[in-house]
Structures are given as structure tokens and as C-alpha cells.
Amino acid sequence: MKKTVILFILTISLVTVAAAAEKLLGMREYASLDEMASAISSYFPKVQGEVKDVQGNALTVSLGTKDGLQAGVTLTLWRDGKEILHPVTGAVIGRAEDEVGTLEVTAVGETTATGTMAKKLKDPKPGDKARITPKKISLALIPLGSDKSDIVPGLAARLNEQGRFSVLDREKTAAFLKDRKQDSSLIKEMGSAFKLDVVMTIEVHPSDGKHLVTAGIYYADGARPFDTITAMLDLRTKRDALGEVRPFFAPAQPAPRQEEQSGIAELPFEAQLFAAADLEGTGGLQYVFSDGARLHIYQKGQSGWGEAWAESTAYSAGEMQHFNLDVADINGNGKPEIFVTCMLKGRVVSYVIELRDGGYQRIADVPGFLRVVNNGRSGSILLGQGYDPVSFYSGKPKRYTWSDGTYGPGSDFPLPRELRLYGFTLAELGEAAPLLVGLDEKERLVVYSNNALIWRSEDKYPAVGIWVKKPETGLEAVLLKSGTEDDKTRKARVHGRVVSMDLNGDGRDEIILPKNEGDLFLGGYEKADLVGLGWSGSRFEQRRSIQDVPGAVMDFQVIPRQGGGAQVLTLIKQVGGIFSRDRYGVMTYVVE
Numbered sequence: 023m024k025k026t027v028i029l030f031i032l033t034i035s036l037v038t039v040a041a042a043a044e045k046l047l048g049m050r051e052y053a054s055l056d057e058m059a060s061a062i063s064s065y066f067p068k069v070q071g072e073v074k075d076v077q078g079n080a081l082t083v084s085l086g087t088k089d090g091l092q093a094g095v096t097l098t099l100w101r102d103g104k105e106i107l108h109p110v111t112g113a114v115i116g117r118a119e120d121e122v123g124t125l126e127v128t129a130v131g132e133t134t135a136t137g138t139m140a141k142k143l144k145d146p147k148p149g150d151k152a153r154i155t156p157k158k159i160s161l162a163l164i165p166l167g168s169d170k171s172d173i174v175p176g177l178a179a180r181l182n183e184q185g186r187f188s189v190l191d192r193e194k195t196a197a198f199l200k201d202r203k204q205d206s207s208l209i210k211e212m213g214s215a216f217k218l219d220v221v222m223t224i225e226v227h228p229s230d231g232k233h234l235v236t237a238g239i240y241y242a243d244g245a246r247p248f249d250t251i252t253a254m255l256d257l258r259t260k261r262d263a264l265g266e267v268r269p270f271f272a273p274a275q276p277a278p279r280q281e282e283q284s285g286i287a288e289l290p291f292e293a294q295l296f297a298a299a300d301l302e303g304t305g306g307l308q309y310v311f312s313d314g315a316r317l318h319i320y321q322k323g324q325s326g327w328g329e330a331w332a333e334s335t336a337y338s339a340g341e342m343q344h345f346n347l348d349v350a351d352i353n354g355n356g357k358p359e360i361f362v363t364c365m366l367k368g369r370v371v372s373y374v375i376e377l378r379d380g381g382y383q384r385i386a387d388v389p390g391f392l393r394v395v396n397n398g399r400s401g402s403i404l405l406g407q408g409y410d411p412v413s414f415y416s417g418k419p420k421r422y423t424w425s426d427g428t429y430g431p432g433s434d435f436p437l438p439r440e441l442r443l444y445g446f447t448l449a450e451l452g453e454a455a456p457l458l459v460g461l462d463e464k465e466r467l468v469v470y471s472n473n474a475l476i477w478r479s480e481d482k483y484p485a486v487g488i489w490v491k492k493p494e495t496g497l498e499a500v501l502l503k504s505g506t507e508d509d510k511t512r513k514a515r516v517h518g519r520v521v522s523m524d525l526n527g528d529g530r531d532e533i534i535l536p537k538n539e540g541d542l543f544l545g546g547y548e549k550a551d552l553v554g555l556g557w558s559g560s561r562f563e564q565r566r567s568i569q570d571v572p573g574a575v576m577d578f579q580v581i582p583r584q585g586g587g588a589q590v591l592t593l594i595k596q597v598g599g600i601f602s603r604d605r606y607g608v609m610t611y612v613v614e
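To convert, take the position in the sequence shown, counting from 1, and add 22; that gives this note's numbering.
Written out as C-alpha cells, the structure is:
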């Protein structure tokens, strides 16, 4: 829900500062606010490298244009400090970071860059780490002149959507600027007052029915001018519906690549879960959807995309609730099975469907939970766990195998107490064994090695997931009806999907997962990014992104491509308005 905000239009004359920016690196032109926001984001890639050489205050670092680095940026220098020990086990779970100072980059090559120390807290030395902070960049926009268009608030919204920035509220900006002396000291004062990283001045001039926008970028600390960006904008155009927006999934800094559309523009039902695989063993993909109560399989035929099969069920949506859907060839017959876990009349059960004798058949029923998890380059494994109506999960997770025509439990699967059966993966990250990477209850990414926590993200990665209502039985039903127990305590959260895959053939997996955004009036998400994260040896850093996915990512699949790379297939929900219904569809993005 959008809020109505009164914006005080200010006339500001930062002539000295604006002129300095124009002389610095020249102009670039972009066609839309989205492109302009992406261009601004490209100045602040989440990168990390090492100091390779020190000559007084002149340093060389192992970052270059291949990492998206540009001349003029400021890098933070730090080195590993004391070990951080687990308070109970004494295991090493990380290291403190000792800040060395900051480096202003002056020249950038393909793989290395040089710069001079801007702030020195300690003497730099080879092996020190150099990075642009992975935290959100705090930023403020200062409007120049008396522009009455929606360009400044529109740009602020696009920058917030990038997920890389936290833009200062317009009302706070207007209140701070009111009656202040308009000169170069304003940027430093504003940066200090709001603890900003960056300040941008925005000037708008109408031109032939369009608007010429000039944005000056400054580091708040010292008001150092960085660059100037210009855009010629046509406000008559706007972003629209599913399949018409063109986000991308590619390395964050090089030019974006055109995505490949799947052709399924809109589904005629409310899809909640999604999986895709070559279910028939013929080399093509079949798309499996769950509407919460039954499955639908779509595939491409001579007449285009269409429904090839739909599950027949005697259960209503109130009796049946699907909350996990996976596909994998666990029984080894060359055709992936479809694994469904659901709440059915107050109990959790799983069932398996496979293509046999020319039709999709139910081949197994398993009590409790099932899910498929990637086991690095070793393939996929099937995990299961028991169900309890009060605690939801019961007993230890176990590996399940196919034997004598049934799926049965085997050895225990070690899972940290903080995590549940869903919302994690195993990833080959260059360590001796695969690491477990998942989402905690606050939707932060966590990494475990031998059940010991070694890293937790600062960013959150909201996934839609599914809330499963537990049955009202025994004492819990009495407490619920009497009002002693809140209905929220009778629901369990099933986290969304986290995927690991070696995307560039370097032998190390990247983690792919969504970051849903937006705060709708009735709850839920209205847009999303999909990110690809690479392991640096001590933390995950963003390497790839799909920006401005035109809806909430309900579920997704990553399918390897012959010759390298992958397709990222996303099930998207676009929330309708008072007079329009929600829309569901699939978009496909290519990773090269």
C-alpha cells in the first residue's frame, strides 16, 4: 500500500559541488528510472579482494573491472583479528575484524586496481582484505530546483527496490534542508546528522515533453564528488504486468543479459508450489504446479503450452494443504518422481507420483515429512521425518532410500537444532566436505560445518514459504477455543526453497534464493529480487542478481544447461487490486 507524503519542494544552489561533479568523470545517459537506479547500484558492488602490494600509501588490490569495480570508489581495508569461540563447545565459529583504513581507488584494470589510502588506522600490508561493505548503503537524495514531477520519489523507490540502498525518508530530508545554507558543507552536515554513506543531488529540467535528469554522486564523508549520471526520461511510459518487465540474471556489474521467457504467461489457478524436470525421460521439461490441494502438470506441445495432466482428488482445500513439492529420480529408473508433502485431515503425510505405463500414477504413500535435498556433486538425497500434532516435527531427520518397492528410513541426517527439515541445502564451497546452508527463523542465511555455526548473514532473505495450520486436538483445542492460546501458535512455518549449484564451472557452488520485498496492505510481498551468492572462504558475497522481478517469488527451480550455466524458473504471484484478481505465472531467466 502506497503512503501519501507531502514533499516540500526546495530550491537549492549547490553550484560549487555540482560543478565539481560535472568535471570529474563526465556524463552517461539512460532511458528510464530503472536503468538509472541500476547504474547507481553498479557503483557499489558487494565485492571482496586482497591487498597484493604496498608502496607507502599506494596499494594494489586483487579487484578489477571483472568484479564491477570503478575508479573513484572507496574500499574498506581490514584483517582477521582474534578467533571467536563458541561459548559452550569452544569451537572456532569466526574471527573478529580489525579495520585497517579506507582506500580510494584511482585506476582499475581487469583483475587489479590501485589506489591511495584515504584513512589509515593501521599500516596496511599484503594479505589485508579489501571490500565494499555488504551492508545496505545509506543514501539521501537532495532535489535541486523546483521540480514538481514524481522523478525524485520515483528514483528513491527504485533505489530502495534494488536492495542495496536504504534511502533517507523524503520528509526527513525536507525538514533538514529547510532554511539551511546551501553550499558544499551541506553534504557533510547531512552525512554526519543521519550517518549517511552517500548523498546525491538531483536536478530535473523539462525537455521536449521529456525530462533531463542530472544526478551528482558524493561520498558523505568529506563531500567528495564521485560521478555524474544523466537520464532523458519519458514519464508517459511505465512498468507493467507479468512478462513485460525485463529483469535479468547475470553477474551484477557487466551488461545485463536478455532473459528467456518460458511462454507460460498466466496460470488459470492459484499456484503455490512449483517444480520442473524431464519427467518423461525424453529431453523436455514438464512443469509441476500445486494449487494447494492437487497437482497440475504443464508441458509444451504442438499447439503451445497447456495442461497435460491434473490430479484427481476427493479432498477439498480445507481438508488438504500441500506445503512441499520436489522432483528427483530417487528410485533410479531414469524418470524423476514427484514428491508431495501435505497436511491431510489433521495429519502430515507424503505421497509419490511417477509416469508409468503412459500415465502419471501414485506409486507410494509415506507417513510424515519428505523432501529432496541437493548433496553437492554427489546428487540428490531424500530426507524424511516423523510428525507430531503438537511439536509438528518428531524425531530425528533420516535419509530415505528406495528398496523392495518402498521408500524407507535409514541412517540419521545430522541437522542443527536451529534449522528445520525445509529451507536448507548442502553446498560444495571448496571445503573438505559440503557445508549446510539454510535460513534461520528470522530469514537470515546461516552456514554450518559439522553442525557448528560458522557464519550468519546481516541481510534477510524473505521467502514466501507456507504456514501450515496444526490440528486442534486435546488440550490445545480447549485452550484455543477459550482464548488462552493464540491461533498463531497453532501454525508452523515451512521455509521456501534454497538452491546450490556450480554455475560457472569453477568447482564451487553458488547459493540461489529470493529476496521478496514490499509491504502490501493485506500482507505478503509485491516484488522480489533473486540473488546468487558466492562463498569467499569466510562469508557469502552477492555475485549475481535478478532485479525487479515483477511479483512475489512463490517458488523457483534452477535447471542446468548443456554447455554450462542454468535456467532459473520462477513462479511469480502478482497481487491484484479491488477490481482485479491475483495473477500467477512463470518467468525464465538464463545464467551464463
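Note that beta-carbon positions come from the ideal geometry of N, C-alpha and C, so glycine has one too.
Bear in mind the structure is a predicted one, so any value in this text is a computation, not a measurement.
For Leu199 and Val18, the rounded distance between their alpha carbons: Lying outside 23 to 614, the shown extent of the chain, residue 18 is not represented and no answer is given.
Which residue marks the beginning of the beta strand (DSSP E) containing Asn396, and which one marks its end? Following the DSSP letters along the chain, one finds Asn396 inside the beta strand (DSSP E) bounded by residues Phe391 to Asn396.
Pairwise C-alpha distance: Leu377 and Tyr547: 35 Å
For the candidate residues Pro67, Ala61 and Lys88, whose alpha-carbon lies nearest to that of Arg180? Ala61
Would you say the segment 201-219 touches the segment 140-152, given that touching needs at least three Cβ pairs under 8 Å? no
Measuring alpha carbon to alpha carbon, tell me which of Ile159, Val122, Thr138 and Asp89 ends up nearest Gly131. Asp89
Span separating the alpha-carbon of Lys367 from that of Val388: 15 Å
Between the C-alpha atoms of Ala42 and Gly314, what's the straight-line distance to the nearest angstrom? Because the pLDDT of Ala42 is 32, which lies under 50, any placement of that residue in the model is unreliable, and the number read from its coordinates should be weighed accordingly. Their Cα atoms are separated by approximately 59 Å.
Buried or exposed: where does Pro358 fall if 16 or more other Cβ atoms within 10 Å of its Cβ makes it buried? buried
Determine the direct distance from the alpha carbon of Asp102 to that of Leu10, and round the result to whole angstroms. An answer regarding residue 10 cannot be provided, because it is not within the stretch 23 to 614 covered by the chain.
Contacting residues, own chain, Cβ-Cβ under 7 Å from Phe187 (five flanking each side not counted): Lys158, Ile159, Leu161 and Leu181
Quick one: is Pro431 buried, meaning 16 or more other Cβ sit within 10 Å of its Cβ, or exposed? The residue in question, Pro431, is buried, as its Cβ has 16 or more Cβ neighbours within 10 Å.
Outcome for Glu225 when other beta-carbon atoms lying within 10 angstroms are tallied against a minimum of 16: buried
Going by Cα to Cα distance, which pick from Gly587, Gly573, Phe578 and Arg583 is closest to Gly604? The sequence given here has Asp at residue 604, not Gly. Among Gly587, Gly573, Phe578 and Arg583, the Cα nearest to that of Asp604 belongs to Gly573.
Within 9 Å, strictly: CB atoms of Phe291 and His318: yes
Cut-off 7 Å between Cβ atoms - residues of its own chain near Val520, not counting five sequence neighbours on either side: Gly445, Phe446, Thr447, Val459, Gly460, Leu461, Ile533 and Leu535
Measuring CA to CA, which of Lys322, Ile581 and Gln321 is closest to Ala350? Ile581
Where do the ends of the alpha helix (DSSP H) carrying Asn182 lie? Ile173 to Glu183
Close-in-space but distant-in-sequence residues of the same chain around Tyr415 (CB under 6 Å, 5 per side omitted): Gln407
For the segment 88-157, list the beta strand (DSSP E) runs that are entirely contained and at least 3 residues long, ordered along the chain. Qualifying beta strand (DSSP E) stretches, in chain order: 96-107, 114-130, 135-142 and 151-153.
Entirely enclosed beta strand (DSSP E) segments - the segment 313-361, minimum 3 residues: You should have 317-323, 326-332 and 342-350.
Three-state secondary structure assigned by DSSP to Ser433: Strand, per DSSP.
Of the choices Gly452, Val571, Leu404 and Gly587, whose alpha-carbon is the least far from that of Gly540? Measuring from the Cα of Gly540, the nearest candidate turns out to be Val571.
Beta-ladder partner(s) of Gly406, from DSSP: Leu392 and Lys420
Between Phe216 and Asp243, what straight-line distance do the alpha-carbon atoms span, to the nearest angstrom? 12 Å
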